[in-house]
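Engineer: Structure incoming, see below.
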Amino acid sequence: MNLILLGPPGAGKGTQAKRLQDTHGITHLSTGDMLRAEAASGSKLGKKAKAIMDAGGLVSDEIIIGMISNRIDAADCKAGFILDGFPRTTPQAESLDEMLDAKGLIINYVIEIVADNDAMVTRITGRYTCADCGSGYHDQFQKSAKDGVCDSCGGTRFNRRDDDKEQTVRSRLAAYQEQTVSIITYYRNKGVLKSVEGMKAIDEITAQLNNIVGQRKAGIEGG
Ligand code: ADP
Ligand code: ADP
Ligand code: ZN
14 MNLILLGPPG AGKGTQAKRL QDTHGITHLS TGDMLRAEAA SGSKLGKKAK AIMDAGGLVS
74 DEIIIGMISN RIDAADCKAG FILDGFPRTT PQAESLDEML DAKGLIINYV IEIVADNDAM
134 VTRITGRYTC ADCGSGYHDQ FQKSAKDGVC DSCGGTRFNR RDDDKEQTVR SRLAAYQEQT
194 VSIITYYRNK GVLKSVEGMK AIDEITAQLN NIVGQRKAGI EGG
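Shown next, in the form of structure tokens:
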């Protein structure tokens with residue numbers, strides 16, 4: 014089963030994709046995470062990407078499409094994958110269709126997490142992750158049970174993204190409005206679009222997603 018999650022920065026794509034990955038045994042592919050790993054490696058490509066990301070702009074289609082195409086071919090994507098952060102523009106959506114066609118794959122569902130853009134600034138500026146296992150948290154909305162200790166792994170070191178600052182968030186929200194909203198129509202016209210209510214509680218959204226994709230446990234479903 015192959016999915017695309019759409020929604021503005023802060024809608025909960027990463028949070029929900031991790032849960033879908035655990036429940037359904039399909040692999041979470043975040044272009045943002047891939048680019049941050051590339052930037053952390055200090056490669057030439059990573060440096061170039063980091064400058065664009067810190068300004069809230071979009072990295073070139075060529076880089077993104079090549080990255081995704083390679084990643085989809087890996088063994089851990091055979092049972093399925095969840096695209097988070099890609100496609101972001103109509104040309105990227107068209108390139109994805111061509112790429113999947115050539116690989117003999119399809120997207121089963123494109124799910125929009127519908128969220129109120131104004132609320133996303135608070136979501137993003139309060140976001141942090143465990144440095145050891147990547148679990149996501151929020152200063153107000155998703156605190157760990159014990160202050161400063163990760164619920165999942167007991168880690169005590171946390172990261173905040175360099176681009177999760179108010180001004181950058183506003184540029185990213187504007188970029189979403191200008192360049193990404195149109196692909197919602199693209200997928201609606203193809204008849205594969207579903208939506209969930211992103212302003213609900215995290216668990217409620219997970220339940221809505223499981224209703225769409227089915228309650229199947231990892232390994233039972235083939236593709
Ligand atoms: P995205 O990947 O779409 O940018 P994230 O999954 O990283 O969004 O979520 C952004 C922040 O908001 C995180 O700190 C997360 O803990 C929090 N969050 C996610 N979903 C919800 C929700 N439904 N209600 C409140 N906070 C949420
Ligand atoms: P968020 O979780 O807040 O939605 P992401 O982690 O998806 O943000 O993306 C962070 C940054 O990485 C973007 O602001 C952009 O610079 C770059 N990026 C990620 N995915 C893409 C893409 N598909 N095309 C171009 N740039 C991308
Ligand atoms: Zn952890």
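Each residue of the sequence shown is one higher than the one before, counting from 14 in this note's numbering. Each residue gets a CB set at the ideal place from its N, CA and C atoms; glycine is no exception.
Ordered along the chain, which non-local residues of its own chain (more than five positions away) have a Cβ less than 6 angstroms from that of Ser195?
Structural biologist: Thr103
Engineer: Measuring only the C-alpha atoms, how far is Ala50 from Thr44?
Structural biologist: Their Cα atoms are separated by approximately 10 angstroms.
Engineer: Which residue marks the beginning of the beta strand (DSSP E) containing Leu19, and which one marks its end?
Structural biologist: Leu16 to Leu19
Engineer: Can you tell me whether Asn202 is buried or exposed? The criterion is at least 16 other CB atoms within 10 Å of its CB, across all chains shown.
Structural biologist: exposed
Engineer: At what residues does the alpha helix (DSSP H) containing Tyr200 begin and finish?
Structural biologist: Taken as a continuous stretch (DSSP letters only), the alpha helix (DSSP H) holding Tyr200 covers Val194 to Lys203.
Engineer: Just to confirm before moving on: does the CB-CB distance between Glu125 and Leu206 stay below 8 angstroms?
Structural biologist: yes
Engineer: Which residue comes first and which comes last in the alpha helix (DSSP H) that contains Thr103?
Structural biologist: Thr103 to Lys116
Engineer: Taking DSSP as the reference, what is the three-state secondary structure of Leu222?
Structural biologist: helix
Engineer: What is the DSSP secondary structure of Val72, reduced to helix, strand or coil?
Structural biologist: coil
Engineer: For Asp67, which residues in the same chain have their Cβ closer than 8 angstroms to its Cβ, ignoring the five residues on either side in sequence?
Structural biologist: Asp175, Asp176 and Thr181
Engineer: Do you know how far the Cα of Ala188 is from the Cα of Ala64?
Structural biologist: 16 angstroms
Engineer: For Cys146, count the other beta carbons within 10 Å of its own beta carbon; 16 or more makes it buried, fewer makes it exposed. Which is it?
Structural biologist: exposed
Engineer: Which of the three DSSP states, helix, strand or coil, is assigned to Ile119?
Structural biologist: coil
Engineer: Mapping the DSSP letters down to three states, classify Ser184 as helix, strand or coil.
Structural biologist: Helix at Ser184.
Engineer: Just how far apart, CA to CA, sit Cys143 and Ala158?
Structural biologist: 13 angstroms
Engineer: Grab the span of the beta strand (DSSP E) containing Ile95 for me, first residue to last.
Structural biologist: Phe94 to Asp97
Engineer: Between the Cα of Met212 and those of Asn130, Gly227, Glu179 and Gly161, spot the shortest distance and give me the residue it belongs to.
Structural biologist: Residue Asn130 holds the alpha-carbon nearest to the alpha-carbon of Met212 among Asn130, Gly227, Glu179 and Gly161.
Engineer: With distance defined between alpha-carbon atoms, name the residue in Gly38, Asn15 and Ile81 nearest to Ser108.
Structural biologist: Residue Ile81 is the option with its Cα nearest to Ser108.
Engineer: Comparing alpha-carbon positions, which option in Gly227, Ala214 and Lys60 lies nearest Arg136?
Structural biologist: Ala214
Engineer: Closer than 5 angstroms between the C-beta and any heavy atom of ligand 3: which residues qualify, listed along the chain?
Structural biologist: Cys143, Asp145, Cys146, Ser148, Cys163, Ser165, Cys166 and Gly168
Engineer: Counting pairs of Cβ atoms below 8 angstroms between the segment 31-41 and the segment 84-100, do you hit three or more?
Structural biologist: Contact holds: three or more Cβ-Cβ distances are below 8 angstroms.
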